[in-house]
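In our numbering, the protein residues as written are 2 to 367. The beta-carbon is built from N, C-alpha and C at its ideal position, and this holds for glycine as well. Working notes, structure below.
Pasting the structure below:
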């Protein structure tokens with residue numbers, strides 16, 4: 002009897018060792034879905050800013066992306082350990098390997114939630130900023146698009162250009178270091194909970210691969226670093242910097258990161274950041290209007306000068322040159338990832354920033 006009890010205890014301990022992280026993660030997710038208010042004030046405005054500060058203190062000294070370098074080394078180490086454990090066990094090798102993989106995956110998932118992932122379940126920005134989201138007609142969308150397009154010519158005129166008259170970014174290094182730092186202070190005045198210590202955007206080590214996946218940048222939760230696709234066109238790169246910085250400040254949802262990037266960029270002291278913000282917002286608003294009313298979209302687009310139209314074509318040509326099976330696969334993976342993390346619209350959630358812009362326009366914020 003005692004031997005049987007001992008065996009049950011050993012089995013329970015082993016089950017907890019390998020499945021305990023999944024159980025804790027499940028409890029956290031359940032609590033997050035039940036009480037977004039708790040996530041907002043305890044985690045997103047309380048615990049998470051401390052994590053971001055620690056990460057900045059540890060890795061901010063390095064100009065290169067620490068997470069991108071350490072992660073492969075850690076994964077290689079884990080694989081080696083698993084193989085050695087597998088070889089030592091003459092029986093049940095397959096099931097022991099599965100158990101090890103399940104335990105490792107659970108640990109990674111729990112760590113992801115604690116370090117950043119719970120931000121997906123905070124209160125919507127529209128609620129905390131008192132913005133009313135409602136159904137939108139094509140006429141209101143066209144009005145927004147015309148307002149955005151009206152700003153583009155003068156902003157473009159103030160931007161630095163290359164010998165072909167296209168937007169250029171003479172000092173990318175400065176953009177990585179100061180882009181977000183100069184953009185967000187004015188947004189913080191309106192929304193004080195966004196106040197964060199500035200951090201440097203770091204170049205991705207595999208930008209060519211990111212292009213083929215259709216990715217402009219990413220926030221790496223396990224090192225707290227914003228990583229940028231360095232091959233982006235100069236007119237798109239500033240907006241991507243501000244988008245990833247919004248993620249670092251705890252806004253995980255893509256529509257909210259886009260909206261905050263627009264708010265921050267439109268008042269940036271560097272014209273190329275302001276142009277990039279308005280240009281990106283125009284693209285999203287234009288996509289939304291073209292789905293509702295292609296005729297009104299074509300009518301609004303005729304108001305743009307040829308130089309801005311050339312910029313629109315250059316962005317389309319840039320991404321079209323990288324289209325292929327890898328990009329389609331990456332899009333499906335990203336869509337699934339977003340849905341798993343509570344964004345029911347998947348990849349389409351990027352475009353929902355238009356709802357936030359319209360709500361801000363009604364309130365007089367824009």
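Legend entry - Stretch-stretch touch, CB-based, cutoff 8 Å, three pairs: the stretch 136 to 148 with the stretch 194 to 212: no
Legend entry - Residue burial classification, residue 235 (beta-carbon count within 10 angstroms, cutoff 16): buried
Inset, instruction - With DSSP as the reference, label residue 230 as helix, strand or coil. - result: coil
Legend entry - Beta-carbon proximity list for residue 142, same chain, < 7 Å, skipping 5 on both sides: 286, 289, 290, 293
Legend entry - Residues near residue 112 in its chain [Cβ-Cβ closer than 8 Å; skip 5 each side]: 223
Legend entry - Where the alpha helix (DSSP H) through residue 180 begins and ends: Bounds of the alpha helix (DSSP H) holding residue 180 are 173 to 184.
Inset, instruction - With DSSP as the reference, label residue 207 as helix, strand or coil. - result: coil
Inset, instruction - Tell me whether the beta-carbon of residue 212 lies closer than 9 Å to the beta-carbon of residue 110. - result: no
Inset, instruction - In angstroms with no decimal places, state the Cα-to-Cα distance between residue 221 and residue 245. - result: Rounded to whole angstroms, residue 221 to residue 245 spans 10 Å at the Cα level.
Legend entry - residue 270 vs residue 183 beta-carbon contact at 9 Å: yes
Legend entry - residue 168 (DSSP reduced to helix, strand or coil): Shown here, residue 168 sits in a strand according to DSSP, grouped into three states.
Legend entry - Which residues DSSP lists as bridging residue 162, in chain order: According to DSSP, residue 162 bridges with 168.
Inset, instruction - Could you tell me the boundaries of the beta strand (DSSP E) in which residue 385 lies? - result: This structure cannot settle anything about residue 385, because the visible part of the chain is limited to 2 through 367.
Legend entry - Straight-line gap, residue 120 to residue 241 (C-alpha atoms, nearest Å): Straight-line Cα distance between these residues: approximately 20 Å.
Inset, instruction - Measure how close the beta-carbons of residue 360 and residue 133 come, nearest whole angstrom, since I'm counting them as under 8 Å. - result: 5 Å
Legend entry - For residue 152, the three-state DSSP class (helix, strand or coil): helix
Legend entry - Uninterrupted alpha helix (DSSP H) stretches inside the stretch 255 to 343 (no shorter than 4 residues): 255 to 266, 272 to 293, 295 to 302, 307 to 321, 326 to 341
Legend entry - Length of the line joining the Cα atoms of residue 311 and residue 194: Straight through space, the alpha carbons of residue 194 and residue 311 are spaced by roughly 39 Å.
Legend entry - Of the residues 83, 118, 284, the one placed nearest residue 44, counting alpha carbons only: 118
Inset, instruction - Return yes when at least one heavy atom of the ligand FMN lies under 8 Å from the C-beta of residue 45, else no. - result: Of ligands this structure carries none, so the ligand FMN is not represented either.
Inset, instruction - Taking 9 Å as the cut-off, decide whether the C-beta atoms of residue 215 and residue 320 are in contact. - result: yes
Legend entry - Inter-residue spacing [alpha-carbon to alpha-carbon] between residue 188 and residue 99: 48 Å
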